[in-house]
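For any residue, its number in this note's numbering is found by taking its place in the sequence shown, counting from 1, and adding 283. Only one structure is covered here, and it is reproduced in the block below.
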Amino acid sequence: MRAAGILVVALLGASLAGSASALRLPSAPRCSIFPKSNAWNRRVDKLPVAASSDTMIRSIGLSSGVHADFGSGLWDGAPIGIPFDVVSKATPRAEVSFEYADESDHVGYPIPRWVHIEGGSDHHALLVDKSSCRLYELGGLERSGGRWHAWAGAVWSLRSNRLRPAGRTSADAAGLPIFPGLARRDEAKRGVIDHALRFTAARTRRAYVWPARHYASSSTDPSLPPMGLRVRLKASFDVRPFPRQARIVLVALKRYGMILADNGSSWYVSGAPSPGWSNDQLHTLGRVKGSDYEVVASADRPRPGSNAVR
284 MRAAGILVVA LLGASLAGSA SALRLPSAPR CSIFPKSNAW NRRVDKLPVA ASSDTMIRSI
344 GLSSGVHADF GSGLWDGAPI GIPFDVVSKA TPRAEVSFEY ADESDHVGYP IPRWVHIEGG
404 SDHHALLVDK SSCRLYELGG LERSGGRWHA WAGAVWSLRS NRLRPAGRTS ADAAGLPIFP
464 GLARRDEAKR GVIDHALRFT AARTRRAYVW PARHYASSST DPSLPPMGLR VRLKASFDVR
524 PFPRQARIVL VALKRYGMIL ADNGSSWYVS GAPSPGWSND QLHTLGRVKG SDYEVVASAD
584 RPRPGSNAVR
């Protein structure tokens, strides 16, 4: 996309609510990151606040600061964030065994020799196939005895809005794809993130709402958030004092919000590692507190016919 075109899209997006088409990955320009009508790409800044907003935000943490769980450099010997690889039809396919075999997609996964696996305990591997425009995601990936093993694996067509079957997990606890919810440096460099972001909460409920398909809790406490909960930064929050990279993230959180996708530290926002991120700028997001967010009403209940709540 030409620079002028990007500017026009950005200006239009600033004044119109609804859907948007996510900026494409430069290394896979033929592939949209899901259709413009996909939940990840829908603006939510004009939708009403959920009746349960105060309760949900309080349970996640009113005074807890937002944390960019991505950046540049290393932490505990691994890149900061969830990495991804762009592969093609030439990438050899590998067989993977799964802990959650009944809920995983049993296909050949295009795992390159130089695959990047997330550090820490989650060991996610995200693979974007630029030839078929398919997304392959694996959680807990490790290689032992010459064979690959993971907790779970899932595959999506990047040209479709098709969800996983109700009740089925993915590489993420919510049964959602991880890649479309990452803040990426190539987006920030162009000045706009035009999709929702992924975030985690310390305690969740044994429930999920559209577009999530799975829960990861035994608690039925109605004050706890379900997987798939969508929150946004309040319109009244002033983002102007923040440095450029943090401001780009905050504008996205106003327009598109973020989707609860896994258990973890509260208000941790996901992104892909890159040497182009400024950790100093991203750390300023800690000045944003849970009390600066609100739950979007449309994400507080399942859509008709979605069979999303259980």
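From the three backbone atoms N, C-alpha and C, an ideal C-beta is built for every residue, glycine too.
Residue range of the beta strand (DSSP E) that includes residue i
i: methionine 339; result: Per DSSP, methionine 339 belongs to no beta strand (DSSP E); it is in the alpha helix (DSSP H), 336-343.
i: alanine 471; result: Per DSSP, alanine 471 belongs to no beta strand (DSSP E); it is in the alpha helix (DSSP H), 468-473.
i: glutamate 248; result: Residue numbering for the chain in the displayed model covers 284 to 593; residue 248 lies beyond these limits and cannot be assessed.
i: histidine 350; result: 350-352
i: alanine 484; result: 480-484
i: valine 369; result: 367-370
i: leucine 308; result: Leucine 308 -> no beta strand (DSSP E), and no H or E assigned at all.
i: serine 506; result: First-last for serine 506: undefined, no H or E at that position.
i: valine 379; result: 379-381
i: arginine 515; result: 513-516
i: tyrosine 498; result: Premise fails: tyrosine 498 is in no beta strand (DSSP E) and is neither H nor E.
i: valine 552; result: 551-553
Sub-8 Å separation of residue i and residue j beta-carbons
i: arginine 513; j: valine 327; result: yes
i: arginine 447; j: alanine 437; result: yes
i: arginine 468; j: glycine 403; result: no
i: serine 320; j: arginine 307; result: no
i: glycine 511; j: isoleucine 542; result: yes
i: proline 526; j: isoleucine 363; result: no
i: threonine 338; j: serine 506; result: yes
i: alanine 351; j: leucine 565; result: yes
C-alpha distance - residue i paired with residue j, whole-angstrom precision
i: glutamate 470; j: isoleucine 531; result: 9 Å
i: tryptophan 439; j: glutamate 386; result: 14 Å
i: serine 553; j: asparagine 562; result: 14 Å
i: serine 574; j: proline 463; result: 25 Å
i: lysine 472; j: threonine 503; result: 42 Å
i: tyrosine 419; j: aspartate 412; result: 8 Å
i: lysine 572; j: tyrosine 383; result: 36 Å
i: glycine 296; j: phenylalanine 317; result: At glycine 296, the pLDDT of 37 sits below 50, so the modelled position is not reliable; the number obtained from the coordinates is stated separately. Going by the C-alpha atoms only, they are around 18 Å apart.
i: arginine 313; j: serine 443; result: 14 Å
i: lysine 372; j: aspartate 521; result: 46 Å
i: proline 331; j: phenylalanine 353; result: 30 Å
i: valine 492; j: tryptophan 323; result: 14 Å
i: tryptophan 358; j: leucine 568; result: 18 Å
i: glycine 450; j: histidine 389; result: 17 Å
i: glycine 348; j: proline 395; result: 37 Å
i: aspartate 545; j: proline 375; result: 30 Å
i: arginine 515; j: glycine 391; result: 37 Å
i: alanine 344; j: serine 414; result: Rather than alanine, the amino acid found at residue 344 in this sequence is glycine. Spanning the two alpha carbons is a distance of roughly 42 Å.
i: alanine 311; j: alanine 479; result: 20 Å
i: serine 581; j: lysine 517; result: 16 Å
i: proline 537; j: lysine 329; result: Here residue 537 turns out to be lysine, not proline, going by the sequence shown. Approximately 10 Å, taken between the alpha carbons.
i: serine 335; j: valine 578; result: 8 Å
i: glycine 474; j: leucine 421; result: 30 Å
i: arginine 488; j: tyrosine 539; result: 23 Å
i: histidine 399; j: glycine 356; result: 15 Å
i: alanine 300; j: proline 509; result: The predicted position of alanine 300 is uncertain, since its pLDDT is 38 and thus under 50; a value taken from the coordinates is nonetheless stated next. Going from the Cα of alanine 300 to the Cα of proline 509 covers about 25 Å.
i: glutamate 401; j: proline 309; result: 21 Å
i: tryptophan 434; j: leucine 424; result: 7 Å
i: serine 500; j: alanine 490; result: 8 Å
i: tyrosine 576; j: leucine 441; result: 29 Å
i: tryptophan 397; j: arginine 426; result: 13 Å
i: serine 519; j: arginine 325; result: 20 Å
i: arginine 417; j: proline 393; result: 10 Å
i: alanine 591; j: isoleucine 340; result: Here alanine 591 scores only 33 on pLDDT, less than 50, and its place in the model is too uncertain to base an answer on.
i: glutamine 528; j: leucine 465; result: 14 Å
Enclosing alpha helix (DSSP H) for residue i [first to last residue]
i: asparagine 562; result: 562-566
i: alanine 544; result: It is not in any alpha helix (DSSP H) - alanine 544 instead sits in the beta strand (DSSP E) that spans 541-546.
i: valine 332; result: Taken as a continuous stretch (DSSP letters only), valine 332 belongs to no alpha helix (DSSP H), as it is neither H nor E.
i: arginine 527; result: 527-538
Min CB distance residue i to chain D below 8 Å
i: leucine 536; result: The structure shown contains no chain D, having only a single protein chain.
Heavy atom of the ligand SAH within 7 Å of residue i beta-carbon
i: serine 500; result: The model on display carries no ligand, and the ligand SAH is accordingly not part of it.
Does the stretch 355-369 come into contact with the stretch 399-409, if we say contact requires no fewer than three beta-carbon pairs (one atom in each stretch) closer than 8 Å?
Output reads yes: the stretch 399-409 touches the stretch 355-369.
Return the chain-ordered ranges of every beta strand (DSSP E) run that is complete within the stretch 384-437 and spans a minimum of 3 residues. 408-412, 417-422, 425-427 and 430-433
Task: Sufficient close CB pairs (3 or more, under 8 Å) joining the stretch 451-458 to the stretch 489-497 - done: yes
Q: Give a yes or no on contact between the stretch 475-489 and the stretch 536-553, applying the rule of three or more CB pairs nearer than 8 Å.
A: yes
Q.
Count Cβ pairs between the stretch 377-393 and the stretch 417-436 that sit closer than 8 Å; are there 3 or more?
A. yes
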